[in-house]
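Down below is the structure, laid out as structure tokens.
Residue numbers (the UniProt record's numbering): 1 to 298.
Encoded structure:
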């Protein structure tokens, strides 16, 4: 079995059998391509079936010189998943990563913005041109609903259920969920559709896509990153932010103001409550307030 064929079959397995998003599949693929590049650079002729633990260890050792422990742990996890697939399909008897330990890493707390910083970002948007109105709507929507950037750029007009106060979002693994949307975000979306989007001619395939560029195409992930980066520069924000920062801020502010962790989990689309629990670590004062408010011995 050649690496190219094995990786292609693995990609199909991840998409069809496990229902993973294309972004996740691409991430796994990049790590496998690093392994094949390592083999080629060192003129090592070893197939996915024949490669052994020593070679994998050597690859990880070389990789560790170039990446941080978190990235190293992710690569090991990706390789383990690939070789588990080969064992599952009876191409191999053993997984060469079974005895390889990932580096211990601390739990990374997500970066967040304060409510004032979010208001500053929005205030810095130039509303004198159509893109400004669109960009304000984008940030209001992401912060109002805690969306991933991939969920934002694929949001459709037919996913808006404003009378019920919800939007329908397609998340990881094509799983759909309904999220309450704040009336402010509803207002800005309605203005954007009526005054800005109505003057655009959507390209084929984007007729129902909510957010479009000037040419009628859907927005890219990179464009959302760029919008936020430029706004951060405009207000001299001394933080490195991304679209995910708005999602983290959404969850943190809800929790801080007394929202139930399980409800936040459902809105974020986290499969496990343990993923959502990271937000508890951001503000220990929340836990203190819970005890003081609800404990019978208060």
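Beta carbons: idealized from backbone N, C-alpha and C, even for Gly.
Just curious, the alpha helix (DSSP H) that residue i is in, first and last residue?
i, result
"residue 87", "69 to 88"
"residue 25", "22 to 41"
"residue 120", "115 to 123"
"residue 225", "221 to 234"
"residue 300", "The structure shown has nothing for residue 300, since the chain only spans 1 to 298."
"residue 179", "Unbroken run through residue 179 is the beta strand (DSSP E), 176 to 180; no alpha helix (DSSP H)."
"residue 264", "261 to 268"
"residue 137", "130 to 145"
"residue 153", "149 to 153"
Near residue i, which residues of its chain fall below 8 angstroms by C-beta distance, leaving aside the five closest residues on each side in sequence?
i, result
"residue 191", "133 and 137"
"residue 173", "18, 19, 20 and 21"
"residue 176", "168, 169 and 170"
For residue i, count neighbouring C-beta atoms within 10 Å of its own C-beta (all shown protein chains included) and say buried if the count is 16 or more, exposed if not.
i, result
"residue 226", "exposed"
"residue 66", "exposed"
"residue 20", "buried"
"residue 214", "exposed"
"residue 82", "buried"
"residue 149", "buried"
"residue 147", "buried"
"residue 96", "buried"
"residue 252", "buried"
"residue 88", "exposed"
"residue 121", "buried"
"residue 235", "exposed"
Report the rounded CA-to-CA distance for residue i versus residue j, giving the unit in angstroms.
i, j, result
"residue 141", "residue 211", "11 angstroms"
"residue 209", "residue 129", "21 angstroms"
"residue 195", "residue 157", "15 angstroms"
"residue 93", "residue 85", "11 angstroms"
"residue 34", "residue 4", "13 angstroms"
"residue 271", "residue 43", "42 angstroms"
"residue 68", "residue 59", "15 angstroms"
"residue 46", "residue 9", "18 angstroms"
"residue 23", "residue 40", "26 angstroms"
"residue 189", "residue 183", "10 angstroms"
"residue 73", "residue 79", "10 angstroms"
"residue 124", "residue 113", "15 angstroms"
"residue 259", "residue 275", "16 angstroms"
"residue 25", "residue 15", "7 angstroms"
"residue 163", "residue 181", "11 angstroms"
"residue 262", "residue 171", "18 angstroms"
"residue 198", "residue 207", "11 angstroms"
"residue 193", "residue 230", "24 angstroms"
"residue 49", "residue 91", "6 angstroms"
"residue 161", "residue 32", "42 angstroms"
"residue 77", "residue 145", "30 angstroms"
"residue 61", "residue 205", "45 angstroms"
"residue 159", "residue 178", "9 angstroms"
Leaving out the 5 sequence neighbours to the left and right, which residues in its chain are closer than 7 angstroms to residue i when beta-carbon positions are compared?
i, result
"residue 29", "7 and 11"
"residue 143", "118, 246, 249 and 250"
"residue 13", "85"
"residue 201", "216"
"residue 237", "117"
Sorted by chain position, which residues of the same chain lie with C-beta nearer than 6 angstroms to residue i's C-beta, five sequence neighbours on each side aside?
i, result
"residue 254", "264"
"residue 152", "142"
Chain B beta carbons: is any one of them nearer than 8 angstroms to that of residue i?
i, result
"residue 223", "Judged by its chain identifiers, the structure shown contains no chain B, having just a single protein chain."
Can you name the start and end residues of the beta strand (DSSP E) that residue i belongs to?
i, result
"residue 15", "From DSSP, residue 15 is part of no beta strand (DSSP E); its letter is neither H nor E."
"residue 193", "It is not in any beta strand (DSSP E) - residue 193 instead sits in the alpha helix (DSSP H) that spans 183 to 195."
"residue 170", "166 to 170"
Would you check whether the ligand ADP has a heavy atom nearer than 7 angstroms to the C-beta of residue i?
i, result
"residue 208", "Here there are no bound small molecules, and the ligand ADP is not part of this structure."
> Between the segment 123 to 137 and the segment 242 to 262, do three or more beta carbon pairs fall short of 8 angstroms?
Replying inline: The segment 242 to 262 and the segment 123 to 137 do not touch, with fewer than three beta-carbon pairs separated by less than 8 angstroms.
>> Quick test of the definition: if touching needs 3 or more C-beta pairs under 8 angstroms, does the segment 216 to 234 touch the segment 159 to 179?
In response: In the pairwise beta carbon analysis, the segment 216 to 234 is classified as not touching the segment 159 to 179: fewer than three pairs are separated by under 8 angstroms.
>> Three Cβ pairs or more, each shorter than 8 angstroms: is that satisfied between the segment 90 to 100 and the segment 48 to 66?
In response: In this structure the segment 90 to 100 lies against the segment 48 to 66, because at least three pairs of beta carbons, one per stretch, are closer than 8 angstroms.
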